[in-house]
Each structure stands twice: as C-alpha cells, then as structure tokens.
Amino acid sequence: MMWKAFRLVLVSLGGLTSLLTTAWAAGALYFDLPIAWLRAPLASIYALAMLAALLFVKGRWRAMGLVAVGLVLVLIWWLTLSPTNDSDWQPDVAQKGWADIQGDEVTLHNVRNCDYRTETDYTPHWGARTVRISQITGIDLAVDYWGSPWIAHPIASFQFADAPPLCFSIETRKKLGQTYSTIGGLYRQFELIYIVADERDVIRLRTNYRKEDIYLYRTTISPAHARERFLEYIHSLNALRNKPRWYNAIT
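Numbering that gives the first Met the number 0 applies: residue 0 is where the sequence shown begins, and numbers increase by one.
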C-alpha cells in the first residue's frame, strides 16, 4: 500500500516536472531562436510533440524519458547562445561603466546623467567621476515597484562624506527596438548592464517620469561594510565590461 502511494507521488511529480520543463523549453525556442519566423512554429511543434509523448507513449517512465531527452537537446543549444558587447543599443544603455582603482581613489567612467524631458525623450550624458573609498559613510537602498507588488527593482545608493551619492542599478541592456518582457527576462533576451548614475538620473526617472513607486531606506550597514560592498560593485562592473553576461529576471 505504501509503495503504491509512493509510486503515485513519484509519477505525479515526474509528470508535473515534464510539463514544466516542456513549457520552459518551448519558451526558450519561442524567445531565443535566432530565426524569427521559425520561433512560433518550432516552439508549437516541440510542445505538441512532448505532450503527445506524455499522452500516447506506452509506459510513463519511457514517456517522461523522451521529454527529458527533448529538454536536454534544447538546453544544449540554448547554452551555446553567447551575450555580446557589440550591438545597436538604446541610447540610455549605449555605454558600459568601468572603473580605475588607484589606492583610495576610484575613478568611474561612463557615469550616466540623462537630461530627461519625458521618459522616452531625453539627452544622454556620460562622464567620469572620482570618489574616495575612505569617504563612504553608508548605503541607501531605493526599492522601485513598477508593476506587480511582488516585483521590485533595487537601486544601491552609496553615500559619501565629501561628495554626492552614487547609484548602481542592475538592468537589462536593450537593443534598439527591444522592449522589456518579464517572461522574456527568464530567457536570453537581454544582456546585463550595471548602470552607474546620479540619484537625479536613476531615481528621478522613476519617480518623476515613469510615475513609479519608490521607497528609499537608510540602511544600518557600517561604513566598513559599505566600502566592501562598493568594491564588490566595482569588481563586478569591470568584469562585466570584459565579459558580457545575460540578464535573468530571477537571478
């Protein structure tokens, strides 16, 4: 009796996993296949073939095995997709930030400070800014709710004793013509970018022009730990400049 119940649970979990992985793989084909006109047909054919295997192949484990093989084939192809630094980027993400560290001084390049007239009508400005690590006093955290109350975008704002705050915002690097998609963000639609900017850029954009809800929190982090976090951002910034990465909405 216990074995039958256990076997039923295993089969149910296996069936649910097969359905979920089929949905993910079909989505990968739909969103990430380079040939646009093949995306919808191939994703549909894949999904129907996997569902047919689950419904008509004799033996549940054999059917789920076929679904697993299909998933592995899609995954092998999907993992070959490579991000790039070279493309026609939207103006607000056209430049990647990077930094030089000289002892206590850090010079950040391509710090963004857009002149906004509306959310989509703006003049991008990119400049350099030098700050001293020893002058970091803390971190403010801006939490931006732009849609669902379950989805938020964090922005780290580093505070300095002798200079205005400096923000880091981890975002999608969209190409010309691209728009953000939450589901597309689960796949390999967008490259990742660290935006380094003034508060009047990344925060004012969201409050004044996008009319989003932002909550600003003063953290209790010590200056020493804030400096460690700052250097972590700097190292990630430079690593991303040399080796592009995919954006993922979950991670």
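Every residue, glycine too, gets a C-beta built ideally from N, C-alpha and C.
For clarity, every value in this text was computed on a predicted model and none was experimentally measured.
Just confirm the distance between the C-beta atoms of D143 and Y216, as a whole number of angstroms; I'd bet it's less than 8 Å. In the sequence shown, residue 143 corresponds to position 144, counting from 1. In the sequence shown, residue 216 corresponds to position 217, counting from 1. The beta-carbon distance between D143 and Y216, rounded to whole angstroms, is 12 Å. This is too long to meet the 8 Å contact definition.
Taking just the CA atoms, how far does Q188 sit from R226? As a working note, residue 226 is residue 227 in the sequence shown. As a working note, residue 188 is residue 189 in the sequence shown. Going by the C-alpha atoms only, they are around 33 Å apart.
Determine, using beta-carbon pairs with one atom in the segment 104–118 and one in the segment 192–200, whether at least three such pairs fall under 8 Å. Touching, yes, given that three or more Cβ pairs across the two stretches are closer than 8 Å.
Where does the unbroken alpha helix (DSSP H) through N241 begin, and where does it stop? Position 242 of the sequence shown, counted from the first residue, corresponds to residue 241. It spans P222 to N241 - the alpha helix (DSSP H) in which N241 sits, taken as one unbroken run.
State buried or exposed for I154, treating a residue as buried only when at least 16 other CB atoms are found within 10 Å of its CB. Translated into the one-based positions of the sequence shown, residue 154 becomes position 155. Counting Cβ neighbours within 10 Å, I154 comes out buried, since at least 16 surround it.
Rounded separation between Y45 and L65 - CA only: For this step, residue 45 is matched to residue 46 along the sequence shown. For this step, residue 65 is matched to residue 66 along the sequence shown. In a straight line, the C-alpha of Y45 is about 12 Å away from that of L65.
Limits of the unbroken alpha helix (DSSP H) element including S43: By 1-based counting over the sequence shown, the position of residue 43 is 44. Segment A35 to F55, the alpha helix (DSSP H) holding S43.
How is S147 classed by DSSP in three states: helix, strand or coil? As a first step, residue 147 must be located in the sequence shown, where it is residue number 148. Correct three-state label for S147: coil.
Per DSSP, cross-strand counterpart(s) of G137: Residue mapping note: residue 137 aligns to position 138 of the sequence shown, counting from 1. According to DSSP, which records beta bridges pairwise, G137 is partnered with Q158.
Thinking C-alpha only, which one of W245, R128, L19 and E104 is nearest G96? For the purposes of this step, residue 96 is taken as the residue at position 97 of the sequence shown. That would be R128, whose Cα lies nearest to the Cα of G96.
Closest residue to I169 among Y246, F55 and R209 (Cα-Cα distance): Residue numbering aside, residue 169 sits at position 170 when the sequence shown is read from its first letter. Comparing Cα-Cα distances from I169 to each of Y246, F55 and R209, the minimum goes to Y246.
Under the three-state reduction of DSSP, which class applies to G126: helix, strand or coil? In the sequence shown, residue 126 corresponds to position 127, counting from 1. Residue state for G126 is assigned as strand, using DSSP reduced to three classes.
If you run the structure through DSSP and keep just helix, strand and coil, what is F30? Taking the first residue of the sequence shown as 1, we reach residue 30 at position 31. It is helical.
Can you check which of these residues, S43, A248, P222 and L19, is closest to I135 by C-alpha distance? Here residue 135 refers to the residue found at position 136 of the sequence shown. By alpha-carbon distance to I135, the top candidate from S43, A248, P222 and L19 is P222.
Please determine if the segment 64–80 and the segment 13–25 are in contact, where contact requires at least 3 C-beta pairs separated by less than 8 Å. Yes: at least three Cβ pairs fall under 8 Å.
Assuming the contact rule is C-beta atoms closer than 8 Å, Y29 and Y115 should be a hit. Round their C-beta distance to whole Å, please. Here the question's residue 29 lines up with position 30 in the sequence shown. Here the question's residue 115 lines up with position 116 in the sequence shown. Taking 8 Å as the upper bound for CB-CB distance, Y29 and Y115 are not in contact here, some 34 Å apart.
Check whether the segment 79–93 and the segment 52–60 are in contact - that is, three or more C-beta pairs closer than 8 Å. Counting C-beta pairs closer than 8 Å gives fewer than three between the segment 79–93 and the segment 52–60, which falls short of the contact rule.
Would you mind sorting K210 into buried or exposed? The rule is 16 or more other CB atoms within 10 Å of its CB. Locating residue 210 in the sequence shown gives position 211, where the first residue counts as 1. Result: exposed.
Out of curiosity, what's the CA-to-CA distance linking G69 and T178? Taking the first residue of the sequence shown as position 1, residue 69 is located at position 70. Taking the first residue of the sequence shown as position 1, residue 178 is located at position 179. Rounded to whole angstroms, G69 to T178 spans 30 Å at the Cα level.
In the DSSP assignment, what are the bridge partners of V105? Translated into the one-based positions of the sequence shown, residue 105 becomes position 106. Answer is I100 and V130.
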